[in-house]
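When the count follows full-length UniProt numbering, it moves up by one through the sequence shown with no breaks and lands on 1182 for the last residue.
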Amino acid sequence: MKLKSIEISGFKSFADKTEIKFQNGITGIVGPNGSGKSNITEAIRWVMGEQSAKSLRGGKMPDVIFSGTETRKPLARASVTAIFDNTDHFLKSEFSEVMISRKLYRNGESQYQINRNDCRLRDILNLFIDTGLGKESFSIISQGRVESIFSSKPEDRRAIIEEVAGVLEYKQNKIKAENELGKTSEYLKRVNDLINELDKQRNPLEEQASLAKDFIEQKTRYDILDRTRLIRTIDANSEKSTNLSKTIKETDVTLQEFRHTLSKQEHLRDSLRQQITLLTQKKDSLQNVIVELTRKEEQITGVKNLAVEREKYRTNQIKSLDDEIVIVQQDISKSKQQLQAENKDQEVLEQEVNKLSGQIADLMNLSKTFDANKLQHQIDGLRATYMDVLQELTSVRNERSFLKKSEVRSSKQVTRIEEELNSLKIQQQQQETKITDLTNVVDTIQSDLQTIEDEKKEISVKGVKINQEYQQVRSEWLHKSGELQQFKARFNSLNNLKDEYAGYYQGAKVALQKRDRFTGIIGPVSEIISVPSQYVVSIETALGNQLQNIVTDNEQTAKTVINYLRTNRLGRATFLPVNVLKARSLATGVREASMNSQGFLGIAAELVHVQDKFINVAKYLLGTTLIVDNLDNGTKIANQIRYRARIVTLDGDVINAGGTMSGGATKNNRKGLLAQDKEIADLRDTINQSEEEVILKESKTQELQHEGRELKNKLDAIEARQSEVKAALNDRKNELQLANERILVLKRQISGSEFELRNLSGDVQVKNELDLNDKESALEVQISKIKAETKEKQSILDASSESEEKRNQQLTNLRIKKTRYDEQLTQLQRQIGNLKSSLQSSQNKLLDLNKKKKILLGNDVIERTNSNESLETVKEKLKNTQRGIADLQSDLVQKQDELDRVNAQIETLSGQISESTNVLSQQKGQRDIAKNTVEVAIDRLRDEHETTIENARKELVDVDSEKLMQEMKLLKRGITELGTVNIGAIDEFNRVSERYDFLSSQKDDLTSSADQLNRSIDEMDREASHRFKETFDQVANEFTIVFKQMFGGGQAHLELTDPDDLLNTGIEIKAQPPGKKLQRLSLLSGGEKSLTAITLLFAILKVSPVPFCILDEVEAAFDDANVSRFAKYLKTFKDTTQFIVITHRKGTMVEADMLYGVTMQESGVSKMVSVSLEEAQKKELA
1 MKLKSIEISG FKSFADKTEI KFQNGITGIV GPNGSGKSNI TEAIRWVMGE QSAKSLRGGK
61 MPDVIFSGTE TRKPLARASV TAIFDNTDHF LKSEFSEVMI SRKLYRNGES QYQINRNDCR
121 LRDILNLFID TGLGKESFSI ISQGRVESIF SSKPEDRRAI IEEVAGVLEY KQNKIKAENE
181 LGKTSEYLKR VNDLINELDK QRNPLEEQAS LAKDFIEQKT RYDILDRTRL IRTIDANSEK
241 STNLSKTIKE TDVTLQEFRH TLSKQEHLRD SLRQQITLLT QKKDSLQNVI VELTRKEEQI
301 TGVKNLAVER EKYRTNQIKS LDDEIVIVQQ DISKSKQQLQ AENKDQEVLE QEVNKLSGQI
361 ADLMNLSKTF DANKLQHQID GLRATYMDVL QELTSVRNER SFLKKSEVRS SKQVTRIEEE
421 LNSLKIQQQQ QETKITDLTN VVDTIQSDLQ TIEDEKKEIS VKGVKINQEY QQVRSEWLHK
481 SGELQQFKAR FNSLNNLKDE YAGYYQGAKV ALQKRDRFTG IIGPVSEIIS VPSQYVVSIE
541 TALGNQLQNI VTDNEQTAKT VINYLRTNRL GRATFLPVNV LKARSLATGV REASMNSQGF
601 LGIAAELVHV QDKFINVAKY LLGTTLIVDN LDNGTKIANQ IRYRARIVTL DGDVINAGGT
661 MSGGATKNNR KGLLAQDKEI ADLRDTINQS EEEVILKESK TQELQHEGRE LKNKLDAIEA
721 RQSEVKAALN DRKNELQLAN ERILVLKRQI SGSEFELRNL SGDVQVKNEL DLNDKESALE
781 VQISKIKAET KEKQSILDAS SESEEKRNQQ LTNLRIKKTR YDEQLTQLQR QIGNLKSSLQ
841 SSQNKLLDLN KKKKILLGND VIERTNSNES LETVKEKLKN TQRGIADLQS DLVQKQDELD
901 RVNAQIETLS GQISESTNVL SQQKGQRDIA KNTVEVAIDR LRDEHETTIE NARKELVDVD
961 SEKLMQEMKL LKRGITELGT VNIGAIDEFN RVSERYDFLS SQKDDLTSSA DQLNRSIDEM
1021 DREASHRFKE TFDQVANEFT IVFKQMFGGG QAHLELTDPD DLLNTGIEIK AQPPGKKLQR
1081 LSLLSGGEKS LTAITLLFAI LKVSPVPFCI LDEVEAAFDD ANVSRFAKYL KTFKDTTQFI
1141 VITHRKGTMV EADMLYGVTM QESGVSKMVS VSLEEAQKKE LA
């Protein structure tokens, strides 16, 4: 990954749009101080997400926008765009080129983009996290950054190693997990509070529910016994009516039983018919299965017969091969015997040839040289040629004879190979058909698998959505529950204060606490009046301490309480006896003048609400007090009525009669009694509303939790089905692979058989035979010519040399004899060679025949096994199916018999119902006559127990009358002893228990979530520690090596301040430049510190190279030697890291591959000038 270019517009001193392109290697940026060089570095940091205006040398972020000059106006926005070459996908993005942009407007609006698409700041930060290009990394280093390395605390230096180790993401995730853990703990605390509250409610509710259940049980038993008593009373006083009713009832019951039995029989008949139909369908289905299995059995039998035929064919082939093997073995045996004989003949001939050669040599030594020698030599040459041609002719004739014998054997082999080839082609077609079928099956299964995966994905997405909604609703529920607890706590606190009369004077408090002792005490004034919320402050101000005045029924009660307080020295109190208290009112003139004035709201006594019996109390206390909206209007009204009444504003300011005024406020703003009562009332309404909201949220949480569990079950089922389909797909793929491998083997076998067939074909045989005939004819012609020429030359020789005839004749005879022997020896050697070749060919053929026989035997076993297994399976299925049909047939017969029996019963019941209906009609006519005698008893039963005689008779208790009355007395006594019972406590207890159980399950879920978060945090800590330690060791090792190279000697190393705490340990840098002792970094000189810090940079780059690195005047404190060493060392990273160096030093400029100059031709506006040093050098050399 490389930084390709950066485009700056309106950022600091770059007012105009400026594009800077960067190349591989080292790019230097030079220019005078104040020209804007460092603004390029800050622009890169800014576009990569820098949020600290201070680190960008500004007070606030809009300071980075071009602020204008004497000749230019300020710009409204700043924009920076950086383009990265991401072909190696170093950044976690699918794009090969990544463009990030950032814009800032003066109104504070910001815009972030990645590849021209709007995004968040977090998206840009996440893009560079753990890449070595983050905020704490060494990718952008200024001179101040170098100073911070040796001036910062050891604990702060660890951030450098953390960035290299890539643990920042772990730290962020840990912070998120800790925040989530905090929320979970808070939720758990709230749930525990709710559980504790419900637990307090459960115990009393459980007792009340138990009492209510006892009451219901005893009352139910009592009602049953009472109804039984009433029925018996009706039977005793209305015997005739009762007997008739009983008879009618019995008849009706009988009729109902007949009808009920008839209905049951009809249902049974319909059920039997359905069962018979179902059994018939199953039987038909099994018949179809038998037909299919029979067809399959026939098919498999045919296949088996075909296999038998193939087996016969293979047997014949094997027999043919055995015969051929015997023939070949016999040929081999004969060839070996013939070879031995030929070898013996060869030895004999060689001995004879050697003997004749010696005789010829002797004769040649004795003969004289004469002119006829040349002629004789030519004759000998012709004769030798004649023997060679004759020998070749003999070989050709022998080869043709061998070819005829081979032709007989080849014809058998051709027949066998053709049959084998046809069988292989049939197997190939079968395998191709099987492959086609398996391919279709695989495609179908893959389609099903894709459908399952789509369904799984849909359910997973829905599950995530449900879970998110569940978490949100649960969070809202817990939040609402927490608020409800706070409201209840405040409500209970205020109620307790009210019950304890907190804020009351001692005497009033004691009197009110003892109000049960003094029955005439009605209560304090604050309890008997109700004040609208807008008048609470004004009324409370108007009444003041009078709110604690105690209202009594008469003056005697007041005297009694006062004596009690005085006797026990318990304080003083003011009492308002209702029977003697007189109302106060304004003069008519004052009332009329006030009502017509601006800001007048009403007379205080008329603005509060009290019961009619306490109207005099309200008028006594507030009848002469006016309520106005504000102090200004109050002053005006006071002037109009000449200060003859007290005026109170809504803010609590008071203008007393006579003109005195009071008002203001205190810091604590303590609430009065009326304000507390108002707050209690408001809290009661708020609690009711909050409880409804909590119940709704709780119900929604349970609903979402249930829906989430259902989705989880569905997902588990889909995953199980997915596993089954995948297993089936793998099986079919394995079968397809085996079939493909089998067809490849068959193709190779077919190719080999075709090749062998071509070699044995008649065309080759014919071609070889024709070639031998042509060759034989040519040799015969050549022999004729040699004979004629030899005869001619012999005649010449005979005519010229008769004297040497005998010797020559003898020599000739010897030579002829030798030639004949040589010819025989040569022919014998050829025959031996041919026999060896034939023997080798026969042996090879024998091996080939044995291999083919072995293959045929193996195929035979496989096909026979497969056929037997398949046929046995089909026969077993057929047998089981036939057994099933027999069972079904047995069930059918049984069901049909049962159906016939039911039909007979239905006919009998129909007759009985008809007869019973007639009898019942007669009995009802007789009962109507006696019905009036029992109407009174029936009315009592209906009015008192809200039931009918029929229903009462169904609940009759089988107990004698005496015991029945005793039990009723005991039950009535028990019900009385239970007293007042809360029947609703049963439902309330069930509701509270259900909510308690639900909250307990939520508590378990929250506890499990907290445990999981703790485990995740521990795991992240272990991984972060491991990565930090591993990276630290690598950087420390490289730092020691690079230090010696940068300083030309000396030693340095990194140390952990607390090796046992890898998550918080600091890093100490110790260095010993050449000629000095080992000391901490803070004790080195400025140049040594800077060079040591740069050494640390190089060590980090060796351990974890970054794509690009920006250095802003980091070598400013170096001397020339160190600058040169620094610049040359940069070159070593040229292939892995792109360097952008802002510098003033010549040594660094020399090593740069490209230089950019920053100038300010226009004051306050930076411009760029670029020079490629490599191109400049090339031009200079040219």
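Note that the Cβ used here is the ideal one computed from N, Cα and C, for glycine as well.
Quantities reported herein were computed from a predicted structural model and do not represent experimental measurements.
Span separating the alpha-carbon of residue i from that of residue j
i, j, result
"Lys733", "Arg721", "18 Å"
"Gln966", "Arg227", "15 Å"
"Asp897", "Glu907", "16 Å"
"Lys726", "Thr444", "12 Å"
"Lys368", "Ser357", "For Lys368, the pLDDT reaches just 45, beneath the cut-off of 50, and the residue's location in the model is therefore unreliable, leaving the point undetermined."
"Asp223", "Asn203", "30 Å"
"Leu1063", "Ser55", "27 Å"
"Ser597", "Tyr564", "49 Å"
"Gly463", "Gly708", "6 Å"
"Val1123", "Gly1147", "6 Å"
"Gln506", "Gln548", "11 Å"
"His1144", "Ala1116", "7 Å"
"Gly1086", "Ala1099", "20 Å"
"Lys712", "Val167", "34 Å"
"Ser803", "Asn773", "Confidence is the limiting factor: at Ser803 the pLDDT is only 46, short of 50, which leaves the residue's position unreliable, though a coordinate-based value still follows. If I take the Cα positions, the gap works out to 46 Å."
"Phe22", "Lys176", "38 Å"
"Gln765", "Lys319", "With a pLDDT of only 49 at Gln765, under the threshold of 50, the placement of this residue in the model should not be trusted; the figure read from the coordinates follows. Rounded to whole angstroms, Gln765 to Lys319 spans 26 Å at the Cα level."
"Lys767", "Val389", "Reliability of the predicted coordinates at Lys767 is poor, the pLDDT of 49 falling under 50, and the value obtained from them is presented with this limitation in mind. For Lys767 and Val389, the distance between alpha carbons rounds to 23 Å."
For residue i, the first and last residue of its enclosing alpha helix (DSSP H)
i, result
"Thr1092", "Gly1086 to Val1103"
"Tyr996", "Ala985 to Phe1047"
"Asp121", "Before going on, a small fix: residue 121 reads as Leu here, not Asp. Leu121 -> alpha helix (DSSP H) spans Leu121 to Phe128."
"Ile160", "Pro154 to Ala165"
"Leu586", "Unbroken run through Leu586: none, as it is neither H nor E."
"Phe90", "It is not in any alpha helix (DSSP H) - Phe90 carries neither H nor E in the DSSP assignment."
DSSP bridge partner residues for residue i (one or two, in chain order)
i, result
"Lys576", "The question names Lys, but residue 576 in the sequence shown is Leu. Partner(s): Val551."
"Leu626", "Ile603 and Ile647"
"Tyr112", "Arg102 and Cys119"
"Glu97", "Asp85"
"Ile637", "Beta-bridge pairing links Ile637 to no other residue."
"Thr18", "Ile8"
Whole-number beta carbon distance between residue j and residue i, since they are thought to touch under 8 Å
i, j, result
"Phe998", "Ala209", "With 8 Å as the limit, Phe998 and Ala209 do not qualify as a contact, their Cβ atoms being about 19 Å apart."
"Ser594", "Ile539", "Not quite, the Cβ-Cβ distance comes to about 17 Å (not below 8 Å), so this is no contact."
"Lys92", "Leu127", "7 Å"
Bounding residues of the beta strand (DSSP E) (the contiguous stretch that carries residue i)
i, result
"Arg77", "Arg77 to Asp85"
"Pro524", "Ile521 to Pro524"
"Leu3", "Lys2 to Ser9"
"Thr1159", "Met1154 to Glu1162"
"Val30", "Ile26 to Val30"
Distance cut-off 6 Å: residue i Cβ against heavy atoms of the ligand FMN
i, result
"Asn33", "Of the ligands one can find in the structure shown there are none, so the ligand FMN has no counterpart to examine."
Query raised in the report: For the stretch 42 to 57 against the stretch 1158 to 1167, are there 3 or more C-beta pairs whose distance is under 8 Å?
Result: Taking 8 Å as the limit for Cβ pairs, the verdict is that the stretch 1158 to 1167 does not touch the stretch 42 to 57.
**Report entry** Sufficient close CB pairs (3 or more, under 8 Å) joining the stretch 154 to 174 to the stretch 1088 to 1104
**Finding:** Enough Cβ pairs lie closer than 8 Å, so yes.
Query - Validate contact between the stretch 6 to 20 and the stretch 69 to 81 using beta carbons, cut 8 Å, 3 pairs - result: Yes: the two stretches touch, three or more of their Cβ pairs being nearer than 8 Å.
Report task. Report yes or no: do three or more beta-carbon pairs, one from the stretch 478 to 485 and one from the stretch 189 to 196, lie closer than 8 Å? Result -> Note that the stretch 478 to 485 touches the stretch 189 to 196; at least 3 beta-carbon pairs, one per stretch, sit closer than 8 Å.
Query - Inter-stretch contact at 8 Å, needing at least 3 Cβ pairs: the stretch 24 to 32 / the stretch 1138 to 1157 - result: Touching, yes, given that three or more Cβ pairs across the two stretches are closer than 8 Å.
Query - Sufficient close CB pairs (3 or more, under 8 Å) joining the stretch 1018 to 1029 to the stretch 1053 to 1070 - result: Contact between the stretch 1018 to 1029 and the stretch 1053 to 1070 is present: 3 or more CB-CB pairs across the two stretches fall below 8 Å.
Query - Inter-stretch contact (C-beta, 8 Å, three-pair minimum) for the stretch 215 to 222 and the stretch 969 to 978 - result: Yes, the stretch 215 to 222 is in contact with the stretch 969 to 978.
Report task. Specify whether the stretch 518 to 530 and the stretch 614 to 622 touch according to this definition: at least 3 beta carbon pairs, one from each stretch, less than 8 Å apart. Result -> Enough Cβ pairs lie closer than 8 Å, so yes.
Query raised in the report: Is the stretch 1069 to 1076 in contact with the stretch 1124 to 1143, if contact means three or more CB pairs nearer than 8 Å?
Result: Three or more beta-carbon pairs separated by less than 8 Å are not found between the stretch 1069 to 1076 and the stretch 1124 to 1143, which leaves the two stretches without contact.
Requested in this report: For the stretch 1031 to 1050 and the stretch 1000 to 1015, state whether three or more C-beta atom pairs, one from each stretch, are separated by less than 8 Å.
Outcome: Cβ pair count under 8 Å is below three, so no.
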